[in-house]
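Undergrad: If you're matching them up, the sequences are chains S and R in order. According to UniProt numbering, the stretch in the first sequence is residues 1 to 255, in order. According to UniProt numbering, the stretch in the second sequence is residues 1 to 255, in order.
Protein chains: 2
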Amino acid sequence: MATGADAQPPKSVLGRALGVLGAFSDSSPELALADIVAVTGLPPATAHRIVAELVAWGALERVGRGRYRVGMRLWRVGALAPIARTLREAALPPMQDLAAVTGHVVHLVVRDGFRALFVERLAGQEDSTVRSRVGRDMPMHASGPGKVLLAHSPPQLVEDIVARGLPRLAPGTITDAATLRSALDDIRRTGYCLSYQEMTEGVSTVAAPITDGEGRVVAALAVVVPASLSLQPFVPAVQLAAAAASRRLGRQPAE
Amino acid sequence: MATGADAQPPKSVLGRALGVLGAFSDSSPELALADIVAVTGLPPATAHRIVAELVAWGALERVGRGRYRVGMRLWRVGALAPIARTLREAALPPMQDLAAVTGHVVHLVVRDGFRALFVERLAGQEDSTVRSRVGRDMPMHASGPGKVLLAHSPPQLVEDIVARGLPRLAPGTITDAATLRSALDDIRRTGYCLSYQEMTEGVSTVAAPITDGEGRVVAALAVVVPASLSLQPFVPAVQLAAAAASRRLGRQPAE
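#1: May I have a chain-ordered list of the beta strand (DSSP E) segments no shorter than 3 residues that lie completely inside the stretch 65-143 of chain R?
#2: For a contact meaning CB atoms closer than 7 Å, what does residue 76 of chain R contact in chain S?
#3: Excluding the 5 residues preceding and the 5 following residue 44 of chain S in the sequence, name in chain order all residues of the same chain whose CB lies nearer than 6 Å to its CB.
#4: Under a three-way DSSP split, which group does residue 20 of chain S fall into?
#5: Can you check whether the CB of residue 14 of chain S is closer than 9 Å to the CB of residue 291 of chain R?
#6: Under 7 Å between beta-carbons, which chain R residues line up against residue 83 of chain S? List them in chain order, please.
#7: On the DSSP letters alone, give me the boundaries of the alpha helix (DSSP H) that residue 36 of chain S sits inside.
#8: Beta carbon of residue 238 of chain S, beta carbon of residue 221 of chain S: below 9 Å?
#9: Just the Cα atoms here: how many angstroms apart are residue 105 of chain S and residue 99 of chain S?
#10: Any idea if residue 232 of chain R is buried or exposed, counting beta-carbon neighbours within 10 angstroms, 16 or more meaning buried?
#11: Counting only the same chain and skipping the five closest in sequence on each side, list residues whose C-beta sits under 7 Å from that of residue 62 of chain R.
#12: How big is the Cα-Cα spacing for residue 90 of chain S and residue 236 of chain S?
#13: Using a C-beta to C-beta distance shorter than 9 Å, which residues of chain R count as neighbours of residue 96 of chain S?
#14: How would you call residue 190 of chain R, buried or exposed, if buried means at least 16 neighbouring beta carbons within 10 angstroms?
#15: Give me the chain R residues within the contact set of residue 79 of chain S, using Cβ-Cβ distance strictly less than 7 Å, ordered along the chain.
#16: Which class does residue 182 of chain S belong to by DSSP, given the choice of helix, strand or coil?
#17: Between residue 202 of chain S and residue 227 of chain S, which are expected to be in contact by the criterion C-beta below 8 Å, what is the C-beta distance as a whole number of angstroms?
#18: Output, in chain order, the set of chain S residues within a Cβ distance shorter than 7 Å of residue 15 of chain R.
#19: Output yes if chain R places a C-beta closer than 9 Å to the C-beta of residue 176 of chain S; else output no.
#20: Any Cβ of chain R within less than 9 Å of the Cβ of residue 110 of chain S?
#21: Please state the DSSP three-state secondary structure of residue 46 of chain S.
#22: Quick one: does residue 62 of chain S have its CB under 9 Å from some CB of chain R?
#23: Looking only at its own chain, which residues have a Cβ that is under 7 Å from the Cβ of residue 242 of chain S, when we skip the five neighbours before and after it?
#24: Any C-beta of chain S sitting closer than 9 Å to the C-beta of residue 89 of chain R?
#25: Looking only at its chain, what residues have a beta carbon closer than 6 Å to the beta carbon of residue 212 of chain S, apart from the 5 residues adjacent to it on each side?
#26: By Cβ distance, which residues of its chain are closer than 6 Å to residue 122 of chain S, with the 5 residues on each side in sequence left out?
#27: Can you tell me the Cβ-Cβ gap for residue 206 of chain S and residue 196 of chain S, rounded? I've got them flagged as a contact below 8 Å.
#28: Can you give me, in chain order, the residues of the stretch 138-156 of chain R that have a beta carbon less than 9 Å from any beta carbon in chain S?
#29: Give the interface partners of residue 114 of chain R over in chain S, defined as CB-CB distance under 8 Å, in chain order.
#30: Pick from S:114, S:175 and S:145: whose alpha carbon is nearest that of residue 155 of chain S?
#31: Does the beta carbon of residue 42 of chain R come closer than 9 Å to any beta carbon on chain S?
#32: Who are the neighbours of residue 12 of chain S on chain R, taking C-beta pairs under 8 Å?
#33: So what does DSSP say about residue 2 of chain S, is it helix, strand or coil?
#34: Under 8 Å Cβ to Cβ from residue 29 of chain R, same chain only, skipping five residues before and after it: list those, please.
#35: At least one CB of chain S closer than 9 Å to the CB of residue 257 of chain R: is that the case?
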């Protein structure tokens, strides 16, 4: 989200304030005023005034020595977003069951532009080395849930993602367009995705789509297992949990 | 968070934009432009311009027929808040274990001013009638986790909350100051709280404090059980889960 020090800062006051919020990221969750100035390109006095107003409202909070983090009030507003309030609430009970039955990490993932975004992550029985985190994103082509979402996206998105390149992240990453298209066909045909060490070496996933009340694929559910295990036995449990989440999501009142 | 139509709208552009975000709430997660105008007291043209800029950035999203909800990008920024990124991540695995072992709803709660705020809620084995929801708040005096947090708050906060009144929410709500102070003493002495139908009729809770690396109580963990059950047998499991969360929280790098 960082725009870089050489970017033109937005002209509107609100645009500048949103730029300050956007300076905080998964890799920089805590920033000094000087960092905010560097990322946004705002004059220090302007940045200081905006930060003070954001702190007063509760969008940011001061954490000592002139450092800032995102505040509780902004978290509360963000928790009103449909992916948190509707999707996550529908998916959570089946996710808990899937984590309890398999003992492995379980992910809930949605598409955010060209990337796949972790909406929820439940722990497995062992402290895992998977570097997933709620709010973090990853490439669409290099993971099981990413490919499930891609398989059910408009064809143009697949073309755009192929055109942007398919970088290798791990030994199993699909890096050529024909193999990716064939894998997406398989996902649409079978209703699930087996992904072998595509994002992280030593880690594989089994993923399945979650649909809303109109049958649209809105998310993917995945279980993360050591690459040494056979994946096929996890398929029924993942499909069952995804079906339970879909059913719960379809039942949600429109509000 | 609503300020009401008769409130003076803030003078700064940023203050007005924050007022628009603050118009969204747990009871009003989706608003039409006319609702936003009514809640903020902004002129319609100003509200429209602010909403358009918030939508363009991703803080809000349009959901058809001129209605708006909180957007995915604001959720992502909110997920960077320490209660989500540090506290919730530390507490989640023991919460999953507590929900799996007991089969009941599990809550993670922090203090937000004079109120207690649900940071996380895991499901029990049965569809529950508990009206808890992530991001929703409740009175401090009328629940187990609220009383745990109150027991470990500055004494002045207890006085302030008593002065604001102790309304009855359910048959078991503590409504007089002496009984409340005595209950808080018990919590500090025993290290846990049994709460009998204080917030919701038919529902009781067992709660225990979560401490950070410096031993400060930063949150409360609670299991929610039918009022017909004996609470004492749940105490060791809740205390153990709270201790595991505290240990994990103390291990977190400061970043």
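C-beta: ideal position from N, C-alpha, C; glycine also.
TA: If we stick to the structure as given:
#1: Here the runs fully enclosed are 67-70, 105-112, 115-122 and 137-139.
#2: Residues of chain S passing the Cβ test: 135.
#3: The beta carbon of residue 44 of chain S sits closer than 6 Å to the beta carbons of 37 from its chain, once the five residues preceding and following it are set aside; these are given in chain order.
#4: Note: residue 20 of chain S maps to helix in three-state DSSP.
#5: Residue 291 of chain R is absent from the structure shown; chain R starts at 1 and stops at 255.
#6: For residue 83 of chain S, the C-beta contacts it makes with chain R under 7 Å involve 72 and 75, in order along the chain.
#7: Looking at the DSSP string, the run of the alpha helix (DSSP H) that includes residue 36 of chain S is 33-40.
#8: Yes. Within cutoff.
#9: Computed Cα separation, rounded: 6 Å.
#10: Residue 232 of chain R should be labelled exposed.
#11: Counting only Cβ-Cβ distances below 7 Å, and skipping sequence neighbours, we find 55 and 68.
#12: Within the model, the alpha-carbon separation for residue 90 of chain S versus residue 236 of chain S is close to 19 Å.
#13: Under the 9 Å cutoff, chain R gives 96, 99, 100, 122 and 123.
#14: Exposed.
#15: Near residue 79 of chain S (Cβ distances below 7 Å), the residues of chain R are 78, 134 and 135.
#16: Residue 182 of chain S: helix per DSSP, three-state reduction.
#17: Their Cβ separation, rounded to whole angstroms, is 5 Å, which keeps residue 202 of chain S and residue 227 of chain S in contact under 8 Å.
#18: 53, listed in chain order.
#19: It does not: the Cβ of residue 176 of chain S has no partner Cβ on chain R nearer than 9 Å.
#20: Closer than 9 Å to the CB of residue 110 of chain S there is at least one CB belonging to chain R.
#21: DSSP, read as helix, strand or coil, puts residue 46 of chain S in helix.
#22: Cβ-Cβ to chain R under 9 Å: no for residue 62 of chain S.
#23: Excluding the 5 residues flanking it on each side, residue 242 of chain S has same chain C-beta neighbours closer than 7 Å at 208, 209, 210 and 221, in chain order.
#24: Closer than 9 Å to some Cβ of chain S, the Cβ of residue 89 of chain R qualifies, so yes.
#25: Sequence-distant Cβ neighbours of residue 212 of chain S in its own chain, meaning closer than 6 Å and more than five residues away, are 218 and 249.
#26: Non-local C-beta neighbours of residue 122 of chain S in its own chain, meaning closer than 6 Å and more than five positions away in sequence, comprise 95, 99 and 106, ordered along the chain.
#27: Actually they are not in contact, since the Cβ atoms of residue 206 of chain S and residue 196 of chain S sit about 10 Å apart, beyond 8 Å.
#28: Answer set for the stretch 138-156 of chain R: empty.
#29: None at all; the shortest Cβ gap to chain S is about 14 Å.
#30: Taking only the C-alpha atoms, the option nearest residue 155 of chain S is S:114.
#31: Chain S contact via Cβ: absent.
#32: Neighbours of residue 12 of chain S on chain R, chain order: 13 and 53.
#33: At residue 2 of chain S, the pLDDT of 45 sits below 50, so the modelled position is not reliable; the number obtained from the coordinates is stated separately. Assigned with DSSP and collapsed to three states, residue 2 of chain S falls in coil, not helix or strand.
#34: The beta carbon of residue 29 of chain R sits closer than 8 Å to those of 69 and 70, all from its chain and outside the five residues before and after it, given in chain order.
#35: Since the displayed chain R opens at 1 and closes at 255, residue 257 of chain R lies outside it and no answer follows.
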